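The numbering of the sequence shown is UniProt numbering, which starts it at 1 and goes up by one.
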Amino acid sequence: MIARRHYSLTLRLALVFALLAFALLATLGVALYRELERELIRRDDAALISRVDQLRNLLNDSNTLELIKTKPELFQNMLGNRESVLSIAAPGQKPLLLVNPANIDLPTVSPVPKGHVLDLADVHHLPGVNGVPFATLAASIDSGDLGSLQVTSGRLMTERTAVLASYRLSVYILAGIAALVLALAGYLLVHRGLLPLRRLARHAQGIGVGNLAERLDSHGAPKELLPMIDAFNTMLERLAKGFTQLSQVSTDMAHELRTPINNLLGETQVALHQQRSVDSYQQLLASNVEELERLSRMLDNMLFLARTDPASALRQRQALSAADEVERIADYFEGLASDRGMRILVEGEGEIWAEPMLLRRALANLCANAIKYGAAHSDLRIEAIATTAGLKLRVSNHGETIAAEHLPRLFERFYRVDESRERSAHSNGLGLSIVATIMQLHNGRYSVSSQDGVTCFELFFPKREDA
1 MIARRHYSLT LRLALVFALL AFALLATLGV ALYRELEREL IRRDDAALIS RVDQLRNLLN
61 DSNTLELIKT KPELFQNMLG NRESVLSIAA PGQKPLLLVN PANIDLPTVS PVPKGHVLDL
121 ADVHHLPGVN GVPFATLAAS IDSGDLGSLQ VTSGRLMTER TAVLASYRLS VYILAGIAAL
181 VLALAGYLLV HRGLLPLRRL ARHAQGIGVG NLAERLDSHG APKELLPMID AFNTMLERLA
241 KGFTQLSQVS TDMAHELRTP INNLLGETQV ALHQQRSVDS YQQLLASNVE ELERLSRMLD
301 NMLFLARTDP ASALRQRQAL SAADEVERIA DYFEGLASDR GMRILVEGEG EIWAEPMLLR
361 RALANLCANA IKYGAAHSDL RIEAIATTAG LKLRVSNHGE TIAAEHLPRL FERFYRVDES
421 RERSAHSNGL GLSIVATIMQ LHNGRYSVSS QDGVTCFELF FPKREDA
């Protein structure tokens with residue numbers, strides 16, 4: 001499997017800053033470049049129009065025409081550079097005057113009619129003459145004796161092209177420099193901005209099994225990190241609680257397993273030290289079976305608590321008839337109750353939103369507990385009470401009143417009110433803990449009360465959310 005590379009967030013953000021800066025500055029530079037290009041073109045076109053207008057005015061004078069014939073070098077001096085072109089000619093005849101120091105191949109353009117006021121739209125732009133943009137303007141004039149003449153003026157935009165190229169290069173260089181500066185500044189700023197995150201990482205790295213009670217300090221942390229800190233601290237609380245519970249369960253299991261194992265080991269060792277009768281061996285095996293059944297029941301209950309999947313329990317909930325469920329439980333425990341002379345009374349109705357097997361196990365544990373510890377020849381009452389928020393199941397029995405200090409701990413694993421109570425294969429201190437786990441899986445509530453010789457366990461199952 002190829003290991004995935006981890007890239008620096010700081011470096012990536014710095015590169016993003018650089019790219020954004022370059023893109024923004026380059027876009028701004030291109031916009032300014034286009035505006036400058038339009039302005040230079042407009043200026044050059046205006047100069048070309050002004051030149052042609054001047055020539056049109058001059059050529060209306062017969063003296064000017066005579067000067068063209070006798071001293072054409074005067075007009076060459078008027079142009080003053082090698083980029084300008086001027087041609088004055090009658091249609092279809094040799095030019096009276098041709099100024100073309102760069103020997104440019106003059107393109108053929110349509111002349112502007114006589115009397116037409118020249119404007120920028122009359123200028124023709126050619127993309128490249130001798131590799132350089134070229135602008136030209138042609139106009140017809142009436143010269144009197146010589147008849148109609150065509151004046152053609154043009155100019156190579158070498159200077160303008162060089163200026164624009166220099167400006168364009170400057171834009172890219174400045175944008176690149178700005179991008180590098182911003183990348184460096186962004187890297188430093190992000191690196192400094194992530195200092196609280198690195199500090200939190202070091203703090204989190206120092207939290208282990210020995211200091212699960214420690215929490216990340218949100219003092220001085222950026223606002224954006226507060227949700228992460230709160231979530232991490234909440235997770236630490238859950239881990240600490242789970243670790244504490246696991247440690248307690250491990251301790252309780254070791255304590256609970258030690259007694260039956262010691263009993264099995266002691267009785268077996270004593271039996272092996274001397275010859276015994278068949279009846280003695282049978283009694284020993286029966287005692288061992290009882291202890292092994294207790295161990296088996298304890299392990300089954302622990303596996304149930306460990307393997308129960310909350311998501312699966314929530315998905316498998318369904319609407320159940322409360323009357324049917326309590327009747328089912330009453331029928332199941334009728335024989336066991338009659339052995340102790342107890343009578344099971346059921347009443348109530350409604351709908352329970354629960355996972356069937358878990359619901360029945362919770363009720364069975366409560367009923368078994370009530371029959372075992374309830375007073376003989378008394379009533380065991382199972383009630384279903386419908387409310388607007390859900391449904392309550394109440395199991396009450398007559399017997400010894402449980403002291404108030406024991407009530408909050410009855411649902412803890414392996415907890416017993418009377419530690420000297422005889423241990424049996426049917427009691428391992430996990431029945432009420434399983435009830436508590438089942439109610440937690442259903443997002444419900446559980447409670448117990450005991451007064452005047454009546455102990456009452458109550459379970460509340462919330463109503464279906466979309467109901």
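For glycine and all other residues, C-beta sits at the position ideal for the given N, C-alpha and C.
No experiment lies behind these values; they were computed from the predicted model shown.
The stretch 51-59 and the stretch 201-211 do not touch, with fewer than 3 CB-CB distances between them shorter than 8 Å. G390 is bridged by DSSP to P462. Look at the stretch 354-415 and you find these whole runs of beta strand (DSSP E), each 3 residues long or longer: 379-386, 390-398. Exposed is the label assigned to I261, since fewer than 16 other Cβ atoms lie within 10 Å of its Cβ. Between the stretch 428-437 and the stretch 357-370, the count of C-beta pairs closer than 8 Å reaches three or more; the two stretches touch. DSSP places A319 outside any alpha helix (DSSP H); the residue lies instead in the beta strand (DSSP E), whose first and last residues are 318-321. Assignment of beta-bridge partners to A89 by DSSP yields Q150. Distance between H442 and S321, taken at the CA atoms: about 17 Å. Cβ neighbours of Q316 within its own chain (closer than 6 Å, five residues either side excluded): E355.
Taking all protein chains in view, the Cβ of R198 is surrounded by fewer than 16 other Cβ atoms within 10 Å, so the residue is classified as exposed. Secondary-structure assignment with DSSP links S287 through no beta bridge to anything. Here S153 is buried, its C-beta having at least 16 other C-beta atoms within 10 Å. With contact defined as three or more Cβ pairs closer than 8 Å, the stretch 258-276 and the stretch 223-238 are not in contact. Fewer than three pairs of CB atoms, one per stretch, sit closer than 8 Å, so the stretch 170-179 makes no contact with the stretch 100-109.
Looking at the DSSP output, Q451 sits in a beta bridge with V454.
Secondary structure note for I434: its alpha helix (DSSP H) is the uninterrupted segment 431-441. Taken atom to atom, the span from the alpha-carbon of Y167 to that of L32 is near 10 Å.
According to the DSSP secondary-structure assignment, S84 is paired through a beta bridge with R155. In this structure M157 is buried. Its beta-carbon is surrounded by 16 or more other beta-carbon atoms within 10 angstroms. C-alpha of R38 to C-alpha of E159: approximately 15 Å in a straight line. Take the alpha-carbon of T401 and the one of L358: they are about 28 Å apart. T244 counts as exposed, since fewer than 16 other C-beta atoms from the protein chains shown sit within 10 angstroms of its C-beta.
Under the Cβ criterion (8 Å, minimum of three pairs), the stretch 7-27 does not count as touching the stretch 81-96. Proximity of the stretch 371-382 to the stretch 344-355 meets the contact definition, three or more beta-carbon pairs being nearer than 8 Å.
Relative to W353, the option among V99, M439, R394 whose CA is nearest is M439.
Annotation for I49: the continuous alpha helix (DSSP H) segment containing it runs 9-58. Only exposed fits Q93, as fewer than 16 other CB atoms lie within 10 angstroms of its CB. For G348, DSSP records a beta bridge to A384. In terms of CA proximity to S218, L200 leads the group T234, M235, L149, L200.
Here the alpha carbons of Y332 and I371 stand approximately 12 Å from one another.
Between V123 and A139, the C-beta spacing is not below 7 Å.
Nearest Cα to I49 within the set D119, V132, R34, V190: D119.
With fewer than 16 other CB atoms across the displayed protein chains lying within 10 angstroms of its CB, N103 is exposed. By a beta-carbon distance limit of 8 Å, A386 contacts G350. Their separation comes to about 3 Å. A Cβ-Cβ separation of about 7 Å places S148 in contact with A90 under the 8 Å criterion.
In the DSSP annotation of this structure, the continuous segment of the alpha helix (DSSP H) that includes A201 starts and ends at 195-205.
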